[in-house]
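Everything on this sheet refers to the single structure shown next.
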Amino acid sequence: MWRRVLAGPLKRASKFGAVYLLYLSIIWLFDYVYFPWLTIRFRYLVFFPLFPSIFLASWGGYYLYRHFQEDVFFADKIYHWLERPGTGGLRGKIRSVVLNRPACVFAAVSTWWSPLHAYVFLNRDQEFRLFSFLKLLAIGSLFCALFWGFVGDSLIFSYSLLKAILR
0 MWRRVLAGPL KRASKFGAVY LLYLSIIWLF DYVYFPWLTI RFRYLVFFPL
50 FPSIFLASWG GYYLYRHFQE DVFFADKIYH WLERPGTGGL RGKIRSVVLN
100 RPACVFAAVS TWWSPLHAYV FLNRDQEFRL FSFLKLLAIG SLFCALFWGF
150 VGDSLIFSYS LLKAILR
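Just so we're aligned, residue 0 is where the sequence shown starts under numbering that gives the first Met the number 0, counting upward by one.
Encoded structure:
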């Protein structure tokens, strides 16, 4: 009898663990292997391959999310991240501007977390519509690719500048 009692929670925990491991492996592969490779390969034009890559990865991730029916995105952590008290000054002003505008919240979440996190976070209880989903994913991917493309370009510029100075 105790085996049946434990079988349900263990099965759910192992399913969640497997899906979370898949999620983490995709994130780590994208962030620490694929993005640096794109940055090295395309240098200052990294935005152009990064945008469709983020869009397609988010689209595929959504269908994995729907297939496994496991919330590995921890949308509650996004609430805590947004509500974390900011320091005064410029950072506090920027935080208050972002929190008062839903479009800015979407841009911040899709840039710092991912476009898929932003979609799941903002449209949790709404019904799925393919066009609005693709539109939000494309806009979020654009924000994300612009920001991280700028970061990649800055790293390449800093490396090139340091290399030129040390010659």
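Glycine included, C-beta positions come from ideal geometry on N, C-alpha and C.
Every value quoted in this text rests on a predicted model; they were computed, and no experiment measured them.
For a test of the three-state rule: what should DSSP assign to residue i, helix, strand or coil?
i	result
Asp70	coil
Val45	coil
Phe127	coil
Ser109	helix
Arg65	helix
Arg94	helix
Arg40	helix
Gly87	coil
Arg100	coil
Phe166	At residue 166 the sequence reads Arg, which differs from the Phe that was named. Of the three classes helix, strand and coil, the one that applies to Arg166 here is coil, per DSSP.
Met0	The pLDDT assigned to Met0 is 48, lower than 50, so where the model puts this residue is not dependable; a value taken from the coordinates is nonetheless given after this. In this structure, Met0 counts as coil in the three-state DSSP scheme.
Measuring straight from C-alpha to C-alpha, what distance separates residue i and residue j?
i	j	result
Leu81	Phe67	27 Å
Val71	Trp112	13 Å
Trp127	Phe120	Here residue 127 turns out to be Phe, not Trp, going by the sequence shown. Cα-Cα distance, rounded: 13 Å.
Gly151	Arg100	28 Å
Ser140	Pro35	17 Å
Leu171	Leu20	Since the displayed the chain opens at 0 and closes at 166, residue 171 lies outside it and no answer follows.
Arg65	Ser159	43 Å
Gly148	Phe156	12 Å
Ser153	Leu129	35 Å
Ser57	Ile26	11 Å
Leu63	Leu115	11 Å
Val96	Arg166	44 Å
Tyr78	Tyr33	29 Å
Would you please state the rounded distance, in angstroms, between the beta carbons of residue i and residue j? I believe it to be under 8 Å.
i	j	result
Phe54	Ala163	The pair is not a contact, with the Cβ atoms about 35 Å apart (cut-off 8 Å).
Leu28	Leu37	Rounded, the Cβ-Cβ distance is 12 Å, inconsistent with contact.
Under the rule that 16 or more other beta-carbon atoms within 10 Å means buried, what is residue i, buried or exposed?
i	result
Pro51	exposed
Ser13	exposed
Gly107	Sequence check: residue 107 is Ala here, not Gly. By the 10 Å Cβ count, Ala107 comes out buried.
Tyr118	buried
Taking CB distances under 7 Å as the criterion, tell me whether residue i reaches chain C.
i	result
Ala106	Of the protein chains in the structure, only one exists, and it is not chain C.
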